[in-house]
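*Asks:* Before anything else, here's the structure in question.
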Amino acid sequence: MKNFFDRPTKAELIDVLHYFIFEEIDFKKLEELDIFKVRIALNILKILKRQISNEKKISKKLNTLSQNLFGEEISSKQNLIEKIKKEDFNKDSIEEFLFELSCEKLSIDNPSYLKD
Amino acid sequence: MGLVGILEREMLHFKISRMDELKNFLESLLNSEFEDFYPLSGGASAEIYNIVLKNGKKLVLRRTPEKSESRLAISKKIEAKVQKILKKNKIPVPEIIEEFDESSGVGSGYIMEFVLGETIPRKILRDERFAQIRPNLALRIGEVLAKIHQVDLSEIKELEKMTFYNSLNKLYEVYSSFNEPQPVFEYVFNYLAKVNIKEKNNVLIHGDYRLGNFIVSENSIESIIDWELTHIGDPLEDLSWVCVKSWRFGNNSKRVAGLGDLEDLIKGYESISSETVDRFELDIWQIYGSLRWGVICMIQTFAHLNNNLNSIEKAAIGRRVSETEFDLMNMIKNKEF
Chain A
761 MKNFFDRPTK
771 AELIDVLHYF
781 IFEEIDFKKL
791 EELDIFKVRI
801 ALNILKILKR
811 QISNEKKISK
821 KLNTLSQNLF
831 GEEISSKQNL
841 IEKIKKEDFN
851 KDSIEEFLFE
861 LSCEKLSIDN
871 PSYLKD
Chain B
503 MGLVGILERE
513 MLHFKISRMD
523 ELKNFLESLL
533 NSEFEDFYPL
543 SGGASAEIYN
553 IVLKNGKKLV
563 LRRTPEKSES
573 RLAISKKIEA
583 KVQKILKKNK
593 IPVPEIIEEF
603 DESSGVGSGY
613 IMEFVLGETI
623 PRKILRDERF
633 AQIRPNLALR
643 IGEVLAKIHQ
653 VDLSEIKELE
663 KMTFYNSLNK
673 LYEVYSSFNE
683 PQPVFEYVFN
693 YLAKVNIKEK
703 NNVLIHGDYR
713 LGNFIVSENS
723 IESIIDWELT
733 HIGDPLEDLS
743 WVCVKSWRFG
753 NNSKRVAGLG
763 DLEDLIKGYE
773 SISSETVDRF
783 ELDIWQIYGS
793 LRWGVICMIQ
803 TFAHLNNNLN
813 SIEKAAIGRR
823 VSETEFDLMN
833 MIKNKEF
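One line per chain: the protein sequences are A and B, in this order. As numbered in our numbering, residues 761 to 876 make up the first sequence, in order. As numbered in our numbering, residues 503 to 839 make up the second sequence, in order.
Written out as structure tokens, the structure is:
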């Protein structure tokens with residue numbers, strides 16, 4: 761059984777939290793520092809939503825890329841670290857892979873940074 | 503109320519009583535009652551407070567609380583000493599008014615003059631009132647930095663001397679201590695360790711020389727603040743830090759703090775200094791700078807993850823590591839600085 765939880769789904773729960781914080785909290789009644797913290801909380805919710813929606817797709821994409829560049833699937837972060845420490849790579853391939861990895865991570869953490 | 507709620511309430515009472523204790527101590531030190539006293543955001547180790555005296559005069563407190571340690575910052579006593587020497591050398595820094603040490607019972611720190619101006623980079627980069635000064639700021643940043651780098655070091659023996667490789671090794675030690683290896687960081691540490699850079703450690707380095715630490719008015723850079731990371735090192739460390747992309751706030755085509763071109767900064771610097779800026783080494787130092795900011799993000803987030811210090815700001819900054827990874831690979835792979 762893949763999904764046995766009731767609705768709201770993970771993504772829908774995040775949406776309602778985002779809606780509550782953004783639409784129902786009166787920012788005018790908050791101190792400056794609290795507004796700053798609420799904005800951070802909203803941003804965390806956005807990161808969570810993007811990660812939940814996209815992480816499987818990104819893992820698949822990186823697996824395909826590692827097959828193409830290294831002829832093998834890099835199964836974990838630790839696996840990649842070991843490859844780097846042993847210098848078991850072609851320079852252009854590893855730089856291509858690390859660049860794509862950083863783009864994918866950033867597409868979750870802060871997509872607007874990619875556009876700047 | 504549950505246990506957590508009771509503990510939170512107790513903690514709040516504790517914070518308020520500590521704040522009162524600090525205020526009483528400072529009023530007695532300055533021999534003046536306060537009209538207002540409130541915290542601002544802090545630095546790597548410091549707490550910063552605005553003080554308004556009964557007569558309306560404004561001051562600023564920088565304090566390290568008792569038993570509070572920083573992995574990077576110098577003591578408040580040395581920070582104050584450096585700032586006094588800089589003032590004597592006509593570098594724009596706030597004047598130190600009073601100092602106190604751990605024997606005070608409220609930590610160590612100093613009170614300095616309040617300098618009027620703006621420190622929020624986005625405002626300096628975008629507000630109409632700074633439109634006149636903006637085109638000249640990159641040049642001015644270079645000029646002021648050259649003067650800082652000319653300060654006689656004979657009076658400041660306490661500061662650590664760091665070359666490029668010392669800095670890189672120290673950063674790796676801090677990064678390794680989290681036991682959370684990052685593939686991009688591993689690659690970049692390895693890349694930088696193999697680069698050939700001249701071993702220099704002959705000038706006073708600010709250590710965090712960027713727009714957020716400048717007090718800027720419509721006419722000038724009024725003051726350089728936050729000297730807690732100062733040390734003796736290579737001039738390129740400061741020159742490159744102000745170029746790190748994280749401090750451009752979206753104005754990415756302007757390499758110097760989102761304000762101006764690299765040549766403006768170098769022109770200002772070389773107009774005062776006898777040093778000629780090596781562009782290749784500056785690029786390498788900028789890669790080191792982005793890596794350093796990435797590790798600082800880790801320091802912040804692991805303060806939340808490891809030390810039971812619940813902080814939404816510190817937790818969130820862990821997800822800014824990917825920005826520095828993107829910048830690092832863009833510099834190394836695509837030669838985009």
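Beta carbons are placed, not taken as given, at the ideal position from N, Cα and C, and that holds for glycine.
#1: At a CB-CB cut-off below 9 Å, which residues of chain A make contact with K835(B)?
#2: What does the alpha-carbon distance come out to for the pair N870(A) and E860(A)?
#3: Taking Cβ positions only, does L514(B) come closer than 9 Å to chain A?
#4: Would you tell me roughly how many angstroms separate the C-alpha atoms of L528(B) and N808(B), rounded to the nearest one?
#5: Pick out the complete alpha helix (DSSP H) segments inside the segment 727-780 of chain B, 4 residues or longer, and give them in chain order.
#6: So what does DSSP say about Y873(A), is it helix, strand or coil?
#7: Using only alpha-carbon positions, find the residue among L641(B), N704(B), P596(B), P637(B) that is nearest to G619(B).
#8: What is the residue span of the beta strand (DSSP E) that T826(B) lies within?
#9: Applying the criterion that 16 or more other CB atoms from any shown protein chain within 10 Å of the CB defines a buried residue, is Y873(A) buried or exposed?
#10: Indicate whether L627(B) and G760(B) have their beta-carbon atoms separated by less than 9 Å.
#11: Measuring straight from C-alpha to C-alpha, what distance separates G507(B) and L793(A)?
#12: In the DSSP assignment, the alpha helix (DSSP H) including F796(A) goes from what residue to what residue?
#13: Leaving out five residues before and five after L655(B) in sequence, what residues of the same chain have Cβ atoms less than 7 Å from its Cβ?
#14: Name, please, each residue of chain B whose Cβ falls closer than 7 Å to the Cβ of S835(A).
#15: Any Cβ of chain B within less than 9 Å of the Cβ of L840(A)?
#16: Against S530(B), what residues of chain A qualify as contacts under a CB-to-CB distance less than 8 Å, listed in chain order?
#17: Along the alpha helix (DSSP H) that carries L773(A), what are the first and last residues, could you check?
#18: Report yes or no: is there a C-beta of chain B within less than 9 Å of the C-beta of L777(A)?
#19: Counting only beta-carbon atoms, is M831(B) nearer than 9 Å to chain A?
#20: At a cut-off of 8 Å, would you count N704(B) as near the ligand FMN, judging by its Cβ distance to the nearest heavy atom?
#21: What did DSSP end up calling I576(B) once you bin it into helix, strand or coil?
#22: Pull the bridge partners of T566(B) from the DSSP assignment, please.
#23: Near H778(A), which residues of its chain fall below 8 Å by C-beta distance, leaving aside the five closest residues on each side in sequence?
#24: Between the segment 776-803 of chain B and chain D, which residues of the former have a C-beta closer than 9 Å to a C-beta of the latter?
#25: Between the Cα of K663(B) and the Cα atoms of T732(B), E615(B), I726(B), which residue gives the shortest distance?
#26: For the 8 Å Cβ check, are there 3 or more pairs between the segment 771-779 of chain B and the segment 812-821 of chain B?
#27: Between F632(B) and the rest of its own chain, which residues show a CB-CB distance below 6 Å, the 5 nearest in sequence each way excluded?
#28: For the putative contact between E839(B) and D785(B), defined by C-beta atoms under 8 Å, what is the C-beta separation to the nearest angstrom?
#29: By Cβ distance, which residues of its chain are closer than 6 Å to E783(B), with the 5 residues on each side in sequence left out?
#30: What's the gap between the Cα of K649(B) and the Cα of N721(B)?
#31: Using the beta-carbon of each residue, which ones in chain B are nearer than 7 Å to A801(A)?
#32: G796(B): buried (16+ other C-beta within 10 angstroms of its C-beta) or exposed?
#33: Who are the Cβ neighbours of K769(B) in its own chain at under 7 Å, not counting the five residues just before and after it?
#34: By Cβ distance, which residues of its chain are closer than 7 Å to F680(B), with the 5 residues on each side in sequence left out?
#35: Please list the terminal residues of the continuous alpha helix (DSSP H) segment that includes S839(A).
#36: Give me, in chain order, the residues of the same chain whose beta-carbon lies closer than 6 Å to that of V617(B); leave out the 5 immediate sequence neighbours on both sides.
*Replies:* Well, looking at it:
#1: Taking the second sequence and counting its residues from 1, the one referred to as residue 835(B) is at position 333. Those within 9 Å of K835(B) in chain A are D852, E855, E856, L858, F859.
#2: Taking the first sequence and counting its residues from 1, the one referred to as residue 870(A) is at position 110. Taking the first sequence and counting its residues from 1, the one referred to as residue 860(A) is at position 100. The straight-line gap from Cα to Cα measures roughly 15 Å.
#3: Indexing the second sequence from 1 puts residue 514(B) at position 12. Its pLDDT being 46, under 50, L514(B) is placed unreliably in this model, and the value from its coordinates should be taken loosely. With 9 Å as the cut-off, L514(B) does not count as an interface residue toward chain A.
#4: By one-based count along the second sequence, residue 528(B) stands at place 26. By one-based count along the second sequence, residue 808(B) stands at place 306. Taking the straight line from one Cα to the other gives about 33 Å.
#5: 737-743, 764-774
#6: To locate residue 873(A), count along the first sequence from 1; it is residue 113. Three-state result, Y873(A): helix.
#7: Here residue 619(B) refers to the residue found at position 117 of the second sequence. Minimum Cα distance to G619(B) is reached at P596(B).
#8: Translated into positions along the second sequence, residue 826(B) becomes position 324. Premise fails: T826(B) lies in the alpha helix (DSSP H), 823-836, not in any beta strand (DSSP E).
#9: Locating residue 873(A) in the first sequence gives position 113, counting from the first residue. So Y873(A) ends up on the buried side.
#10: One-based indexing of the second sequence puts residue 627(B) at position 125. One-based indexing of the second sequence puts residue 760(B) at position 258. Yes, the Cβ-Cβ distance between L627(B) and G760(B) is below 9 Å.
#11: The sequence position of residue 507(B) within the second sequence is 5, counting from 1. The sequence position of residue 793(A) within the first sequence is 33, counting from 1. Caution is warranted here: a pLDDT of 40 is assigned to G507(B), below 50, making its placement in the model unreliable, and no coordinate value can be reported.
#12: As a position in the first sequence, residue 796(A) is number 36, starting the count at 1. Where F796(A) is concerned, the enclosing alpha helix (DSSP H) stretches over 792-830.
#13: As a working mapping, residue 655(B) is identified with position 153 in the second sequence. Correct list, in chain order: L706, I734.
#14: The residue given as residue 835(A) occupies position 75 in the first sequence. Going along chain B, no residue has its Cβ under 7 Å from S835(A), so there is no contact; the nearest lies around 13 Å.
#15: As a working mapping, residue 840(A) is identified with position 80 in the first sequence. Taking Cβ atoms only, chain B reaches closer than 9 Å to L840(A), which makes this a yes.
#16: Within the second sequence, residue 530(B) is the residue found at index 28, counting from 1. Neighbours of S530(B) on chain A: none; closest Cβ ~28 Å, over 8 Å.
#17: Taking the first sequence and counting its residues from 1, the one referred to as residue 773(A) is at position 13. That run of the alpha helix (DSSP H) goes 770-779.
#18: The residue you call residue 777(A) lines up with position 17 of the first sequence. L777(A) does not count as touching chain B.
#19: Mapped onto the second sequence, residue 831(B) falls at position 329. Interface residue, yes.
#20: Judged by which ligands are present, the structure shown has none, so any question about the ligand FMN falls away.
#21: Position 74 of the second sequence, counted from the first residue, corresponds to residue 576(B). Coil at I576(B), not helix or strand.
#22: Translated into the one-based positions of the second sequence, residue 566(B) becomes position 64. BP columns for T566(B) point to S610(B).
#23: Position 18 of the first sequence, counted from the start, is the residue given in the question as residue 778(A). Excluding sequence neighbours, H778(A) sits near L802, L805, K806, K809.
#24: Absent here is chain D; the protein component of the structure consists of chains A and B.
#25: Residue numbering aside, residue 663(B) sits at position 161 when the second sequence is read from its first letter. Closest option to K663(B), Cα to Cα, is T732(B).
#26: no
#27: As a first step, residue 632(B) is located in the second sequence; it is residue number 130 there, counting from the start. Once the five neighbours on either side are set aside, the close Cβ partners of F632(B) are I626.
#28: Counted from its first residue, the second sequence places residue 839(B) at position 337. Counted from its first residue, the second sequence places residue 785(B) at position 283. Reading off the sequence shown, one finds Phe at residue 839(B), where the question assumed Glu. Right, the Cβ-Cβ distance comes to about 6 Å (below 8 Å), so this counts as a contact.
#29: Residue 783(B) sits at position 281 when you count from the first residue of the second sequence. Once the five neighbours on either side are set aside, the close Cβ partners of E783(B) are I699, L738.
#30: Position 147 of the second sequence, counted from the first residue, corresponds to residue 649(B). Position 219 of the second sequence, counted from the first residue, corresponds to residue 721(B). Each residue's alpha carbon lies about 19 Å from the other.
#31: In the first sequence, counting from the first residue as 1, residue 801(A) sits at position 41. Chain B residues near A801(A): I814.
#32: Here residue 796(B) refers to the residue found at position 294 when the second sequence is read from its first residue. Result: buried.
#33: One-based indexing of the second sequence puts residue 769(B) at position 267. Cβ neighbours of K769(B) beyond the five flanking positions: L641, G644.
#34: In the second sequence, residue 680(B) corresponds to position 178, counting from 1. Answer for F680(B): M800, F804, listed in chain order.
#35: Here the question's residue 839(A) lines up with position 79 in the first sequence. It is worth fixing the name first, because residue 839(A) is Asn in this sequence and not Ser. Its alpha helix (DSSP H) spans residues 837-845.
#36: Sequence index remark: in the second sequence, residue 617(B) carries index 115 (1-based). Within the same chain, V617(B) has close Cβ partners P596, I717, E724, S725.
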